[in-house]
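Inspection log for the structure reproduced underneath, given as structure tokens.
Protein chains: 2
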Amino acid sequence: MNYQQQMDRAYALTEEYLASCFQGEGLEKAMRYSLMAGGKRIRPILTMLFCQAAGGELEEGLEFGCGVEMLHTYSLIHDDLPCMDNDDLRRGKPTCHKVFGECVATLAGDALQAAAFRTVLFAKGPWSGEGAAAPALAAGVLAEAAGVQGMCGGQYWDTIGDGQPHSLEDLTAIHDKKTGALLRAACVMGVLACSGHREVDDSCIDAAREYATHLGLAFQIRDDVLDATSTTEELGKPVGSDSANGKTTYVTLLGVEGCREQVVEHTRLAKEALERGGWRGSIGCLCWLADHLAQRSN
Amino acid sequence: MNYQQQMDRAYALTEEYLASCFQGEGLEKAMRYSLMAGGKRIRPILTMLFCQAAGGELEEGLEFGCGVEMLHTYSLIHDDLPCMDNDDLRRGKPTCHKVFGECVATLAGDALQAAAFRTVLFAKGPWSGEGAAAPALAAGVLAEAAGVQGMCGGQYWDTIGDGQPHSLEDLTAIHDKKTGALLRAACVMGVLACSGHREVDDSCIDAAREYATHLGLAFQIRDDVLDATSTTEELGKPVGSDSANGKTTYVTLLGVEGCREQVVEHTRLAKEALERGGWRGSIGCLCWLADHLAQRSN
């Protein structure tokens, strides 16, 4: 399989797994609506690719990855609520609360967070020996990334802030919590998924964390560029909302050209970080993915 | 120690542990506000008493119990939001969103759910042998109880329902999910906390589940009676809101006298269930607690 095919395979596995969850009526319908609303599935793809790089199979990272995706989806549902970013569109579709109402959207997010931990903790092995601890370790990584020191803390500072424009340092610190923490968890959990079955060199965890940090920064800077330069049709969501809200972004701080340089630089650093891990599988697809995301147009 | 002293000790341990969490500014302030707003701490007390009944020490159930309390607190914060029950007062104090705003209250709840899993997963042992799996097992129990099959699903049906008055069967099914599931988790997690250090008879898990189910029903029916017969000052929250909202409660279905009989019956069944477990410690305090809660006035 070439790299695109590996990514397509990880994507297809994710879609298939997630589609099998929450098939009931009531609250499950709202959970399913947002979960299946067509994301890029970058987080579960990263989890699976890291599992493969550490020496495992893509499939062995599937459940941990889908747990991360559920957690990511809950955060999007809550971020879109009127009391938060008040967005009507997400990925070209009405947001969860526009379809189901605020009460159900709040509960759907809450239930997806619980489901994320459930999915990771009950991930089917076959775990062996010390590897039996892998689901607990992975869930612990996820809990740290999701909480007040990670994603929720980042969202708080991004939304509430201190009423002042952010410096480049502040902006990076916020994004590092808001999106970086969960990307790091996705990558590390891939290595942990492999360690549940096989021996894995400790250096892989650090390399995964560093790759994720730079990938996340490149991703966020690219996002800001796209928000400033694309159309609503291209992105499937309203554009220009950042500048309309007077929000500080990488584009307001660095300009479009400065941003493009930073995307290139962080993509390079992400790939460089990978080389410091003692991988038993191939890191080729992870390098390719970093380049691929740096050039994305939506 | 007599039973009241054991309960006071478990309560004091909980207050001390929770007060040591979230001491920072920003989002942590809102988490701390709701966490320290003076609950009865029934869930962590149950966790600790079940750990003791299974043959362990109260303290060994502390962290699992505090994880459950964090999860319970998040659910209260979200339930109080304007898009849910829209309550201004909780335990005699302004609700989280009245003090910090809806956005922060939503995030504080989200972060407390993550913190609940983190607290359980990183609970300090010393776990031994097969007992090393205790935090993962406990977190799995918590995830199931918190999700769409448990608490969130119950809250959904309670808030959204089907527009029709509920039958006694429906009402019990809703409360069993909305509050019963987490009480069961609290009790089972206490047994699991003990099993991380010591041998525990399997029968204890089933007995804990059944005790929790009946205790939860007795508790809820007592709650409905208090809502119908107390004053705002006695309860520390607005009373009569159920009947004002035209909501079906145990009082509307059974009358106050019928409710009192059911509280007695479920309290008896809770204590009877305990006798089916192979406990190595004393169940005396758990029996006393069931009686104590049946007679509570707030």
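Taken in order, these protein sequences are the chains called F and Y.
Each residue of the first sequence is one higher than the one before, starting from 22 at the first, in the numbering used here.
Each residue of the second sequence is one higher than the one before, starting from 22 at the first, in the numbering used here.
Glycine included, C-beta positions come from ideal geometry on N, C-alpha and C.
Every value quoted in this text rests on a predicted model; they were computed, and no experiment measured them.
{"Asked": "Beta-carbon gap between residue 168/F and residue 144/Y smaller than 7 angstroms", "Found": "no"}
{"Asked": "Validate contact between the segment 150-163 of chain F and the segment 193-213 of chain F using beta carbons, cut 8 angstroms, 3 pairs", "Found": "yes"}
{"Asked": "8 angstroms contact criterion, which residue 129/F and residue 57/F should meet: CB distance rounded", "Found": "Actually they do not touch by this definition, with Cβ atoms about 12 angstroms apart."}
{"Asked": "Chain Y within 7 angstroms of residue 131/F, Cβ atoms only", "Found": "yes"}
{"Asked": "For residue 64/Y, the three-state DSSP class (helix, strand or coil)", "Found": "helix"}
{"Asked": "Partners in chain Y for residue 164/F, counting only beta-carbon separations shorter than 7 angstroms", "Found": "135, 138, 139 and 142"}
{"Asked": "Chain Y contact residues for residue 173/F, given Cβ-Cβ distances below 7 angstroms", "Found": "48, 128, 131, 132 and 135"}
{"Asked": "Own chain residues within Cβ distance below 8 angstroms of residue 157/Y, not counting five before or after", "Found": "142"}
{"Asked": "Where the segment 150-164 of chain Y meets chain F: residues whose CB sits under 9 angstroms from a CB there", "Found": "153, 154, 156, 157, 158, 160, 161, 163 and 164"}
{"Asked": "Residues that residue 304/Y contacts on chain F, provided the C-beta gap is smaller than 9 angstroms", "Found": "Those do not exist, as residue 304/Y stays about 29 angstroms from chain F at its closest Cβ, beyond 9 angstroms."}
{"Asked": "Per DSSP, cross-strand counterpart(s) of residue 111/Y", "Found": "114/Y"}
{"Asked": "Cross-chain neighbours of residue 99/Y in chain F, by beta carbon under 7 angstroms", "Found": "127 and 131"}
{"Asked": "Local Cβ density within 10 Å of residue 113/Y, reported as buried at 16 or more and exposed below that", "Found": "exposed"}
{"Asked": "Beta-carbon proximity of residue 59/F to residue 69/F, cut-off 7 angstroms", "Found": "no"}
{"Asked": "Local conformation of residue 30/F per DSSP, three classes", "Found": "helix"}
{"Asked": "Within-7 angstroms CB hit, residue 124/F to chain Y", "Found": "yes"}
{"Asked": "Under 7 angstroms between C-beta atoms of residue 233/F and residue 297/F", "Found": "no"}
{"Asked": "Residue 246/F versus residue 272/F - alpha carbon distance", "Found": "6 angstroms"}
{"Asked": "Closest by C-alpha distance to residue 22/Y, when choosing among 305/Y, 139/Y, 223/Y and 317/Y", "Found": "305/Y"}
{"Asked": "Touch test, the segment 169-180 of chain Y against the segment 173-183 of chain F, Cβ-Cβ under 8 angstroms, three pairs minimum", "Found": "no"}
{"Asked": "CB contact flag (residue 75/Y, residue 221/Y, <7 angstroms)", "Found": "yes"}
{"Asked": "Buried versus exposed call for residue 317/Y [16 or more other C-beta atoms within 10 Å across all chains shown]", "Found": "exposed"}
{"Asked": "Residue 147/Y, buried or exposed, once every other Cβ within 10 Å from all chains shown has been counted against 16", "Found": "exposed"}
{"Asked": "CA-to-CA distance, residue 178/F to residue 91/Y, given in whole angstroms", "Found": "22 angstroms"}
{"Asked": "Separation of residue 286/Y from residue 140/Y, as counted between CA atoms", "Found": "35 angstroms"}
{"Asked": "Distance between beta carbons of residue 284/F and residue 226/F, contact taken as under 8 angstroms", "Found": "That pair is no contact at about 25 angstroms."}
{"Asked": "Pair within 7 angstroms by beta-carbon distance, residue 124/F and residue 55/F", "Found": "no"}
{"Asked": "Residue 104/Y at chain F interface by Cβ criterion, 7 angstroms", "Found": "yes"}
{"Asked": "Residue 277/Y - DSSP class collapsed to helix/strand/coil", "Found": "helix"}
{"Asked": "Residue 228/Y at chain F interface by Cβ criterion, 7 angstroms", "Found": "no"}
{"Asked": "Partners in chain Y for residue 43/F, counting only beta-carbon separations shorter than 8 angstroms", "Found": "169"}
{"Asked": "Neighbouring residues, chain Y, relative to residue 178/F (Cβ below 9 angstroms)", "Found": "47 and 48"}
{"Asked": "Alpha helix (DSSP H) segments (min. 4 residues) lying fully within the segment 124-208 of chain F", "Found": "155-167, 172-180 and 189-196"}
{"Asked": "Closer than 6 angstroms: residue 101/Y CB and nearest the ligand MG heavy atom", "Found": "Within the structure as shown, the ligand MG is missing, as the structure has no ligands at all."}
{"Asked": "Other residues of its chain near residue 196/Y: CB distance less than 6 angstroms, five sequence neighbours each side excluded", "Found": "241"}
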